[in-house]
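Below is one structure; the comments refer to it alone.
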Amino acid sequence: MSKNKLLLVDGNSVAFRAFFALHNSLERFKNNNGLHTNAIYAFNNMFENVMAKEQPTHVLVAFDAGKTTFRTAMYEAYKGGRAKTPGEFREQMPYIRELIKALGVQHYELANYEADDIIGTLAHQVDKDQFDVVVLSGDRDLTQLATEHVKVDITVKGVSEIESYTPAHVAEKYDGLTPLQIIDMKGLAGDASDNIPGVTKIGEKTAIKLLKEYGSVEGIYEHIDELKKSKMKENLINEQEIALLSKQLATIDVNAPVEIKIDDLLYQGKDLDKLVPFYQEMNFNGFLEKLNILAEPV
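Everything in the sequence shown is counted per my numbering, starting at 52 for the first residue and increasing by one.
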(Lines of atoms letter the chains of each structure in order from A and count residues from 1; the text may use other names and numbers.)
(Lines give C-alpha, C1' and ligand atoms only; values in the text may rest on other atoms or scores of the structure.)
Protein backbone atom coordinates (compact mmCIF):
# COMPACT_ATOMS: atom_id res chain seq x y z
CA MET A 1 0.00 0.00 0.00
CA SER A 2 1.42 3.39 -0.99
CA LYS A 3 1.94 5.97 1.73
CA ASN A 4 0.01 9.19 2.12
CA LYS A 5 2.00 12.38 1.77
CA LEU A 6 1.44 15.50 3.88
CA LEU A 7 2.62 18.84 2.46
CA LEU A 8 3.13 21.58 5.08
CA VAL A 9 3.80 25.08 3.74
CA ASP A 10 5.30 27.92 5.79
CA GLY A 11 2.89 30.56 4.50
CA ASN A 12 4.57 33.78 5.67
CA SER A 13 8.03 32.70 4.61
CA VAL A 14 7.06 31.42 1.17
CA ALA A 15 4.83 34.45 0.49
CA PHE A 16 7.71 36.77 1.40
CA ARG A 17 10.04 34.87 -0.92
CA ALA A 18 7.36 35.05 -3.61
CA PHE A 19 7.14 38.83 -3.21
CA PHE A 20 10.87 39.34 -3.67
CA ALA A 21 11.10 36.79 -6.50
CA LEU A 22 9.18 39.24 -8.69
CA HIS A 23 10.13 42.44 -6.87
CA ASN A 24 11.88 43.83 -9.96
CA SER A 25 8.57 43.54 -11.81
CA LEU A 26 6.53 45.09 -8.99
CA GLU A 27 4.85 47.77 -11.09
CA ARG A 28 4.11 45.32 -13.91
CA PHE A 29 2.05 43.12 -11.59
CA LYS A 30 -1.08 45.11 -10.77
CA ASN A 31 -4.74 44.33 -11.30
CA ASN A 32 -7.36 46.75 -12.63
CA ASN A 33 -7.91 48.15 -9.13
CA GLY A 34 -4.23 49.03 -8.69
CA LEU A 35 -3.50 46.16 -6.29
CA HIS A 36 0.06 44.81 -6.52
CA THR A 37 -0.13 41.11 -7.40
CA ASN A 38 3.49 39.95 -7.75
CA ALA A 39 3.51 37.93 -4.49
CA ILE A 40 0.09 36.41 -5.23
CA TYR A 41 1.22 35.43 -8.74
CA ALA A 42 4.54 33.91 -7.60
CA PHE A 43 2.86 32.10 -4.67
CA ASN A 44 0.39 30.53 -7.10
CA ASN A 45 3.27 29.42 -9.33
CA MET A 46 5.10 27.91 -6.36
CA PHE A 47 2.01 26.04 -5.23
CA GLU A 48 1.34 24.63 -8.70
CA ASN A 49 4.97 23.49 -8.99
CA VAL A 50 5.18 21.82 -5.59
CA MET A 51 1.80 20.10 -6.02
CA ALA A 52 2.86 18.71 -9.41
CA LYS A 53 6.22 17.57 -8.05
CA GLU A 54 5.12 16.06 -4.72
CA GLN A 55 1.54 14.90 -5.46
CA PRO A 56 0.52 15.20 -1.79
CA THR A 57 -2.64 13.59 -0.46
CA HIS A 58 -2.95 16.10 2.41
CA VAL A 59 -2.00 19.81 2.48
CA LEU A 60 -1.88 22.70 4.97
CA VAL A 61 -0.49 26.22 4.78
CA ALA A 62 0.53 27.49 8.23
CA PHE A 63 0.79 31.19 9.09
CA ASP A 64 2.25 33.18 11.97
CA ALA A 65 -0.54 34.57 14.16
CA GLY A 66 1.33 37.79 14.96
CA LYS A 67 4.56 39.23 16.28
CA THR A 68 3.85 38.32 19.93
CA THR A 69 4.66 34.68 20.74
CA PHE A 70 5.95 32.61 23.62
CA ARG A 71 9.44 33.37 22.29
CA THR A 72 9.01 37.15 22.58
CA ALA A 73 7.80 36.51 26.14
CA MET A 74 11.13 34.77 26.84
CA TYR A 75 13.25 37.30 24.95
CA GLU A 76 11.67 40.60 24.00
CA ALA A 77 14.22 41.32 21.26
CA TYR A 78 13.43 38.06 19.40
CA LYS A 79 13.08 38.89 15.69
CA GLY A 80 13.71 42.54 16.59
CA GLY A 81 15.56 44.91 14.31
CA ARG A 82 13.96 43.63 11.11
CA ALA A 83 13.22 46.10 8.34
CA LYS A 84 9.61 47.22 8.11
CA THR A 85 7.47 44.93 5.95
CA PRO A 86 6.84 46.64 2.58
CA GLY A 87 3.28 47.93 2.22
CA GLU A 88 3.11 46.41 -1.27
CA PHE A 89 3.62 43.00 0.36
CA ARG A 90 1.26 43.55 3.30
CA GLU A 91 -1.62 44.49 1.01
CA GLN A 92 -1.31 41.14 -0.80
CA MET A 93 -1.42 38.84 2.25
CA PRO A 94 -5.24 38.73 2.62
CA TYR A 95 -5.48 37.81 -1.07
CA ILE A 96 -2.87 35.06 -0.69
CA ARG A 97 -5.06 33.55 2.03
CA GLU A 98 -8.06 33.86 -0.30
CA LEU A 99 -6.05 32.17 -3.07
CA ILE A 100 -5.12 29.29 -0.78
CA LYS A 101 -8.79 28.61 -0.01
CA ALA A 102 -9.66 28.80 -3.71
CA LEU A 103 -6.91 26.28 -4.43
CA GLY A 104 -8.78 23.89 -2.14
CA VAL A 105 -6.28 24.08 0.72
CA GLN A 106 -6.77 24.92 4.38
CA HIS A 107 -4.67 27.52 6.17
CA TYR A 108 -4.19 27.70 9.91
CA GLU A 109 -2.62 29.92 12.54
CA LEU A 110 -2.31 29.59 16.31
CA ALA A 111 -2.16 32.48 18.77
CA ASN A 112 1.18 32.78 20.61
CA TYR A 113 2.93 30.39 18.20
CA GLU A 114 4.73 30.63 14.87
CA ALA A 115 4.00 28.75 11.67
CA ASP A 116 7.16 26.71 12.39
CA ASP A 117 5.55 25.30 15.54
CA ILE A 118 2.35 24.30 13.72
CA ILE A 119 4.42 22.57 11.04
CA GLY A 120 6.70 20.90 13.58
CA THR A 121 3.76 19.63 15.64
CA LEU A 122 1.89 18.15 12.66
CA ALA A 123 5.06 16.60 11.22
CA HIS A 124 5.69 15.05 14.64
CA GLN A 125 2.08 13.85 15.09
CA VAL A 126 1.57 11.94 11.85
CA ASP A 127 1.77 8.18 11.79
CA LYS A 128 5.20 7.50 10.28
CA ASP A 129 3.99 4.21 8.83
CA GLN A 130 1.19 5.92 6.92
CA PHE A 131 2.66 9.31 5.99
CA ASP A 132 5.69 10.89 4.45
CA VAL A 133 5.96 14.62 5.10
CA VAL A 134 7.27 17.44 2.89
CA VAL A 135 7.84 20.86 4.46
CA LEU A 136 8.18 23.90 2.18
CA SER A 137 9.72 27.10 3.55
CA GLY A 138 12.12 29.89 2.77
CA ASP A 139 13.53 29.62 6.30
CA ARG A 140 16.36 27.23 7.17
CA ASP A 141 15.17 27.12 10.81
CA LEU A 142 12.89 24.27 9.75
CA THR A 143 15.78 22.01 8.70
CA GLN A 144 15.87 20.79 12.32
CA LEU A 145 12.65 18.87 11.50
CA ALA A 146 14.29 16.63 8.87
CA THR A 147 14.00 12.90 9.59
CA GLU A 148 13.84 9.73 7.50
CA HIS A 149 10.16 10.50 6.81
CA VAL A 150 10.24 14.34 6.87
CA LYS A 151 11.93 16.18 3.99
CA VAL A 152 12.41 19.94 4.35
CA ASP A 153 12.46 21.88 1.06
CA ILE A 154 13.97 25.36 1.29
CA THR A 155 13.44 27.88 -1.50
CA VAL A 156 16.83 29.12 -2.69
CA LYS A 157 16.21 31.60 -5.51
CA GLY A 158 12.80 33.18 -5.37
CA VAL A 159 10.45 30.22 -5.29
CA SER A 160 11.67 28.27 -8.31
CA GLU A 161 14.86 26.61 -7.02
CA ILE A 162 14.64 24.21 -4.06
CA GLU A 163 17.28 22.74 -1.74
CA SER A 164 16.01 19.54 -0.10
CA TYR A 165 17.15 18.81 3.45
CA THR A 166 17.21 15.21 4.62
CA PRO A 167 19.34 14.00 7.55
CA ALA A 168 22.00 13.01 5.00
CA HIS A 169 22.00 16.47 3.39
CA VAL A 170 22.19 18.19 6.80
CA ALA A 171 25.19 16.02 7.67
CA GLU A 172 26.83 16.85 4.35
CA LYS A 173 26.20 20.59 4.65
CA TYR A 174 27.09 20.94 8.34
CA ASP A 175 30.06 18.59 8.62
CA GLY A 176 28.32 15.63 10.21
CA LEU A 177 25.70 17.33 12.39
CA THR A 178 22.25 15.82 12.83
CA PRO A 179 19.15 17.95 12.14
CA LEU A 180 18.49 18.34 15.88
CA GLN A 181 22.04 19.63 16.38
CA ILE A 182 21.14 22.59 14.14
CA ILE A 183 19.30 23.87 17.23
CA ASP A 184 22.48 23.60 19.31
CA MET A 185 24.46 25.33 16.56
CA LYS A 186 22.06 28.27 16.71
CA GLY A 187 22.32 28.25 20.50
CA LEU A 188 26.06 28.79 20.21
CA ALA A 189 26.41 30.86 17.03
CA GLY A 190 23.06 32.66 17.23
CA ASP A 191 20.92 33.59 14.26
CA ALA A 192 21.03 37.18 13.05
CA SER A 193 17.86 36.81 10.97
CA ASP A 194 15.81 36.02 14.11
CA ASN A 195 17.95 38.21 16.40
CA ILE A 196 18.96 35.18 18.48
CA PRO A 197 22.14 36.30 20.29
CA GLY A 198 24.27 33.16 20.73
CA VAL A 199 27.65 33.32 22.46
CA THR A 200 30.00 36.21 21.71
CA LYS A 201 32.63 35.45 19.04
CA ILE A 202 31.37 31.91 18.35
CA GLY A 203 30.50 31.39 14.70
CA GLU A 204 29.09 28.45 12.81
CA LYS A 205 32.42 26.67 12.24
CA THR A 206 33.45 26.85 15.90
CA ALA A 207 29.96 25.76 16.98
CA ILE A 208 30.12 22.71 14.69
CA LYS A 209 33.57 21.77 16.02
CA LEU A 210 32.33 21.96 19.62
CA LEU A 211 29.18 19.98 18.84
CA LYS A 212 31.11 17.21 17.09
CA GLU A 213 33.17 16.89 20.26
CA TYR A 214 30.48 17.30 22.94
CA GLY A 215 27.16 16.62 21.19
CA SER A 216 25.02 19.47 22.47
CA VAL A 217 25.09 22.84 24.23
CA GLU A 218 24.41 21.03 27.51
CA GLY A 219 27.20 18.55 26.74
CA ILE A 220 29.67 21.39 26.26
CA TYR A 221 28.85 22.80 29.69
CA GLU A 222 29.13 19.36 31.29
CA HIS A 223 32.72 19.24 29.99
CA ILE A 224 33.55 22.94 30.18
CA ASP A 225 36.54 22.26 32.48
CA GLU A 226 38.13 20.16 29.72
CA LEU A 227 38.36 23.15 27.36
CA LYS A 228 41.70 24.91 27.17
CA LYS A 229 41.90 28.35 28.68
CA SER A 230 40.86 30.81 25.98
CA LYS A 231 38.64 33.80 25.30
CA MET A 232 36.10 31.38 23.82
CA LYS A 233 35.98 29.36 27.06
CA GLU A 234 35.62 32.57 29.03
CA ASN A 235 32.72 33.68 26.82
CA LEU A 236 31.05 30.27 27.14
CA ILE A 237 31.29 30.41 30.94
CA ASN A 238 30.09 34.01 31.18
CA GLU A 239 27.25 33.52 28.69
CA GLN A 240 25.87 30.11 29.66
CA GLU A 241 22.38 31.50 30.25
CA ILE A 242 22.45 33.22 26.84
CA ALA A 243 23.54 30.00 25.12
CA LEU A 244 20.73 28.00 26.73
CA LEU A 245 18.18 30.75 26.02
CA SER A 246 19.34 30.97 22.39
CA LYS A 247 18.91 27.21 22.00
CA GLN A 248 15.41 27.45 23.48
CA LEU A 249 14.47 30.28 21.10
CA ALA A 250 15.73 28.26 18.12
CA THR A 251 13.83 25.11 19.11
CA ILE A 252 10.61 24.45 17.18
CA ASP A 253 7.82 23.36 19.53
CA VAL A 254 6.60 19.98 18.26
CA ASN A 255 3.89 19.79 20.93
CA ALA A 256 1.98 23.01 20.24
CA PRO A 257 -1.78 22.90 21.03
CA VAL A 258 -2.76 22.57 17.37
CA GLU A 259 -6.49 21.99 16.98
CA ILE A 260 -6.55 20.52 13.52
CA LYS A 261 -6.76 16.88 12.51
CA ILE A 262 -4.63 15.36 9.76
CA ASP A 263 -7.75 13.78 8.21
CA ASP A 264 -9.21 17.29 7.75
CA LEU A 265 -6.29 18.19 5.46
CA LEU A 266 -7.19 15.70 2.71
CA TYR A 267 -6.69 17.48 -0.62
CA GLN A 268 -9.74 17.22 -2.88
CA GLY A 269 -8.77 19.59 -5.67
CA LYS A 270 -9.27 23.23 -6.58
CA ASP A 271 -12.49 25.08 -5.84
CA LEU A 272 -13.12 26.45 -9.33
CA ASP A 273 -16.18 28.42 -8.20
CA LYS A 274 -13.80 30.51 -6.10
CA LEU A 275 -10.62 30.21 -8.17
CA VAL A 276 -11.97 31.42 -11.52
CA PRO A 277 -13.39 34.74 -10.22
CA PHE A 278 -10.24 35.21 -8.12
CA TYR A 279 -7.98 34.83 -11.17
CA GLN A 280 -10.27 37.18 -13.10
CA GLU A 281 -10.08 39.80 -10.34
CA MET A 282 -6.27 39.54 -10.32
CA ASN A 283 -6.05 39.68 -14.16
CA PHE A 284 -4.22 36.35 -14.14
CA ASN A 285 -5.13 35.49 -17.72
CA GLY A 286 -2.37 32.90 -18.09
CA PHE A 287 -3.66 30.93 -15.10
CA LEU A 288 -7.20 31.13 -16.51
CA GLU A 289 -5.97 29.73 -19.82
CA LYS A 290 -4.42 26.79 -17.97
CA LEU A 291 -7.90 26.10 -16.60
CA ASN A 292 -9.23 26.40 -20.19
CA ILE A 293 -11.35 29.36 -19.15
CA LEU A 294 -11.50 32.65 -21.03
CA ALA A 295 -10.39 35.72 -19.12
CA GLU A 296 -13.64 37.60 -18.65
CA PRO A 297 -13.41 40.84 -16.68
CA VAL A 298 -15.23 41.03 -13.34
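All C-beta atoms in this analysis are idealised placements derived from N, C-alpha and C, irrespective of residue type, glycine included.
- DSSP lists Val60, His158 as the bridge partner or partners of Val112.
- Counting along the chain, no alpha helix (DSSP H) covers Tyr216; the unbroken beta strand (DSSP E) around it starts and ends at 213 to 216.
- Lys312 sits away from Asp183, with the two beta carbons spaced by 8 Å or more.
- Taken through DSSP and simplified to helix, strand or coil, Lys325 comes out as helix.
- Taken in chain order, the complete alpha helix (DSSP H) segments of 4 or more residues contained in the region 192 to 265 are 218 to 224, 232 to 240, 255 to 265.
- Where Asp183 is concerned, the enclosing beta strand (DSSP E) starts and stops at 182 to 188.
- Excluding the 5 residues flanking it on each side, Ala258 has same chain C-beta neighbours closer than 6 Å at Met236, Leu239, Ala240, in chain order.
- For Lys81, the beta-bridge partners assigned by DSSP are His87.
- In the three-state reduction of the DSSP assignment, Leu73 falls in the coil class, being assigned neither a helical nor a strand state.
- Per DSSP, Gln299 is one residue of the alpha helix (DSSP H) stretching across 291 to 301.
- In this structure, the CA atom of Tyr265 is about 18 Å from the CA atom of Ser297.
- Only residues of its own chain outside the window of five on either side were considered, and among them Thr120, Phe121 have a CB closer than 6 Å to the CB of Asn163, listed in chain order.
- The region 191 to 203 makes no contact with the region 315 to 335: fewer than 3 CB pairs, one atom from each, lie closer than 8 Å.
- By the Cβ criterion, the region 57 to 65 is not in contact with the region 77 to 89, since fewer than three pairs of Cβ atoms, one from each stretch, lie closer than 8 Å.
- Under the 8 Å Cβ criterion, the region 87 to 96 counts as touching the region 136 to 146, having at least three qualifying pairs.
- Annotation for Lys252: Lys282, Met283, Asn286 place their beta carbon closer than 8 Å to its own, counting only its chain and skipping 5 residues before and after.
- Around Asp315, the same chain offers no residue with a beta carbon nearer than 6 Å, after the five sequence neighbours per side are excluded.
- Thr136 sits in coil when the DSSP states are folded into three classes, being neither helix nor strand.
- Within the same chain, Cβ atoms closer than 7 Å to the Cβ of Gly227 are found at Lys263, the five residues on either side in sequence being excluded.
- Leu339: member of the alpha helix (DSSP H) spanning 336 to 341, first to last residue.
- At least 8 Å separates the beta-carbon of Asp168 from that of Val186.
- In the three-state scheme derived from DSSP, where H, G and I count as helix and E and B as strand, Thr120 is classed as strand.
- Annotated as distal: Tyr129 and Thr136, with beta-carbon spacing of 8 Å or more.
- Only exposed fits Pro308, as fewer than 16 other CB atoms lie within 10 angstroms of its CB.
- Membership of Gln106 in any alpha helix (DSSP H) is not indicated, and neither H nor E is assigned to it by DSSP.
- Minimum Cα-Cα distance from Arg133 among the listed residues Leu261, Tyr318, Ile247 corresponds to Ile247.
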